[in-house]
Amino acid sequence: MARPGLCTEFPAPGLRNPFRYITGHKSHGDSVFLKTNHGDHRDIMLGGIGAQNIFHSSDSNAIEVTNNVDLGFT
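Just so you know, my numbering puts the end of the sequence shown at 93, numbered straight through with nothing missing.
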């Protein structure tokens with residue numbers, strides 16, 4: 020397999036910048052978009068061989084969605 024040049028930026032050349040859509044819900048249960056961003060945890064990996072982007076952050080596993088607990092980590 021041919022190996023192109025190393026990745027030096029994020030997103031890698033030729034790829035679109037990914038969007039993250041943070042959703043929650045109103046008091047009556049209707050869903051709502053709270054904010055949009057590109058994610059906080061993105062970086063070049065392994066000296067440019069790869070790149071990463073983590074779209075969801077939490078302090079627990081499984082993710083806690085009751086009462087919007089995890090929204091503080093977005």
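Using N, Cα and C, we set each Cβ at its ideal position, and we do this for glycine too.
DSSP beta-bridge partners for residue i?
i          : result
residue 63 : 70
residue 24 : None, per the DSSP bridge assignment.
residue 44 : 50
residue 55 : 40
Rounded to a whole number of angstroms, what is the C-alpha to C-alpha distance between residue i and residue j?
i          : j          : result
residue 38 : residue 72 : 10 Å
residue 49 : residue 24 : 47 Å
residue 70 : residue 47 : 40 Å
residue 34 : residue 58 : 15 Å
residue 62 : residue 26 : 10 Å
residue 44 : residue 86 : 9 Å
residue 28 : residue 60 : 14 Å
- Task: Report yes or no: do the stretch 44-55 and the stretch 65-73 share at least 3 C-beta pairs separated by less than 8 Å?
- Result: Segments in contact, no.
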